[in-house]
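Heads up: the sequence shown is residues -16 to 57, going by my numbering.
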Amino acid sequence: PLWQETEQKFKCPCHGSGFDVSGVNFEGPAPRPLERCGIRIASDGNLEVDKNKRFRHELGQWDSPESYVDGTVA
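In structure tokens form, the structure reads like this:
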């Protein structure tokens, strides 16, 4: 999916499904939310993404601290 700034959503170019900023599906044929990859802030301050780690909302895995970055932490 591609981020649509004016609509504040991710939009799938293949089937037209829409996802909110957190990845939850709210329009179109998508049967479930997007999967998240492992993510963390590295010691140099850059974001580090681990595409081998996957987290699924419907399995309760989005609660894992490895599935998101807390934007309130400096």
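Cβ coordinates follow ideal geometry from the N, Cα and C atoms, glycine included.
So residue 23 and residue 49 are in contact, right, with Cβ under 8 Å, and what is the actual spacing, rounded? Numbered from its first residue, the sequence shown carries residue 23 at position 40. Numbered from its first residue, the sequence shown carries residue 49 at position 66. Their Cβ separation, rounded to whole angstroms, is 7 Å, which keeps residue 23 and residue 49 in contact under 8 Å.
Rounded separation between residue 31 and residue 44 - CA only: The residue you call residue 31 lines up with position 48 of the sequence shown. The residue you call residue 44 lines up with position 61 of the sequence shown. Each residue's CA atom was taken as its position, placing residue 31 and residue 44 some 19 Å apart.
Just how far apart, CA to CA, sit residue 42 and residue 19? Looking up residue 42 in the sequence shown gives position 59. Looking up residue 19 in the sequence shown gives position 36. Taking the straight line joining both Cα atoms gives about 12 Å.
Assuming residue 10 contacts residue 26 (C-beta within less than 8 Å), just tell me the rounded distance between them. Here residue 10 is taken as the residue at index 27 of the sequence shown, counted from 1. Here residue 26 is taken as the residue at index 43 of the sequence shown, counted from 1. Not quite, the Cβ-Cβ distance comes to about 39 Å (not below 8 Å), so this is no contact.
Distance, Cα to Cα, residue -4 vs residue -14? If you number the sequence shown from 1, residue -4 lands on position 13. If you number the sequence shown from 1, residue -14 lands on position 3. Straight-line Cα distance between these residues: approximately 10 Å.
Straight-line gap, residue -7 to residue 21 (C-alpha atoms, nearest Å): Translated into the one-based positions of the sequence shown, residue -7 becomes position 10. Translated into the one-based positions of the sequence shown, residue 21 becomes position 38. So the alpha carbons of these two residues sit roughly 19 Å apart.
Got a sec, what are the start and stop residues for the beta strand (DSSP E) residue -13 sits in? For the purposes of this step, residue -13 is taken as the residue at position 4 of the sequence shown. Where residue -13 is concerned, the enclosing beta strand (DSSP E) stretches over -15 to -13.
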